[in-house]
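Here's the structure, in structure tokens; my notes come after.
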Amino acid sequence: MRIPIQYNVGTEIVETKALIDSGAGGRFICEEEARKLKKPWMKLEKPIKVFNVDGTQNKIGWITHSVMIDISIGDRSMKETLLISGLGLERIILGLPWLQDHNLDIDWVTRVVHFQPRRKIMVKRLMKPFIGIFNETKELDTGILDKVKDDEVLI
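So, in structure tokens, the structure goes:
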């Protein structure tokens, strides 16, 4: 499903459509569109090997950069970091991570998209600061995250 979006290029407002794709694993913009933004590209720490939906390697091969963009969808404005990739005929693809972050209500019959109202969340905090636990060598114990390899994700 494609939804209308707006973003600025200098003083010009660009209106286009973004593909909403729950099968896509990120937020993407085509290289040509990223160049038109005239915004700085950010080099990724680690390149991402990219494949098309049919399993073939994408013509770009590796995603090496991203770009930050302010987009508007209806009355909602948001700042998004988009990965720069080859997208075929698409300009922008908003994939599953974007859908999860924004948790849209989508009516697939009428093809209407609604954002849920923004909610305030109250986080309770401990009154005493966490000091840590010392082992026999009197060094601060490392946590579980210190034992995770760089290329692994702990959930």
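Numbering (full-length UniProt numbering), first residue to last: 1 to 155. All residues carry an ideal CB built from backbone N, CA and C; glycine is no exception. All figures in this text were calculated on a predicted structure; none of them were measured in a lab.
In whole angstroms, what separates the C-alpha of residue i from that of residue j?
i, j, result
"Leu104", "Arg2", "14 angstroms"
"Phe115", "Leu99", "10 angstroms"
"Ile5", "Ile48", "26 angstroms"
"Ile13", "Asp54", "34 angstroms"
"Ile20", "Arg35", "22 angstroms"
"Asn58", "Gly74", "31 angstroms"
"Val113", "Met42", "30 angstroms"
"Asn52", "His65", "18 angstroms"
"Pro40", "Asp101", "24 angstroms"
Within 10 angstroms of its Cβ, does residue i collect 16 or more other Cβ (buried), or is it exposed?
i, result
"Asp85", "It is worth fixing the name first, because residue 85 is Ser in this sequence and not Asp. The residue in question, Ser85, is buried, as its Cβ has 16 or more Cβ neighbours within 10 Å."
"Glu136", "For Glu136, the predicted structure reports a pLDDT of 48, less than 50, and the residue's modelled location is therefore unreliable. A value from the coordinates is still provided. Burial call: exposed."
"Ser77", "exposed"
"Ile71", "buried"
"Lys22", "Contrary to the premise, residue 22 reads as Ser rather than Lys in this sequence. Counting Cβ neighbours within 10 Å, Ser22 comes out exposed, since fewer than 16 surround it."
"Glu90", "buried"
"residue 181", "The shown model of the chain, from 1 to 155, leaves out residue 181, and the question about it has no answer."
"Arg111", "exposed"
"Glu15", "exposed"
"Val67", "buried"
Taking residue i and residue j to be in contact with their CB atoms under 8 angstroms, please state how far apart those CB atoms are, rounded to whole angstroms.
i, j, result
"Lys38", "Gly61", "About 25 angstroms separates the two Cβ atoms, so there is no contact after all."
"Ala24", "Leu96", "7 angstroms"
"Ile63", "Leu44", "7 angstroms"
"Arg27", "Leu82", "5 angstroms"
"Arg80", "Ile93", "The question names Arg, but residue 80 in the sequence shown is Glu. Actually they are not in contact, since the Cβ atoms of Glu80 and Ile93 sit about 11 angstroms apart, beyond 8 angstroms."
So residue i is in the beta strand (DSSP E); what residue range does that whole segment cover?
i, result
"Arg118", "Unbroken run through Arg118: none, as it is neither H nor E."
"Trp41", "Trp41 to Phe51"
Quick one: give me the first and last residue of the alpha helix (DSSP H) that residue i is part of.
i, result
"Arg35", "Glu31 to Leu37"
"Lys96", "According to the sequence displayed, residue 96 carries Leu and not Lys. Unbroken alpha helix (DSSP H) run through Leu96: Leu96 to His102."
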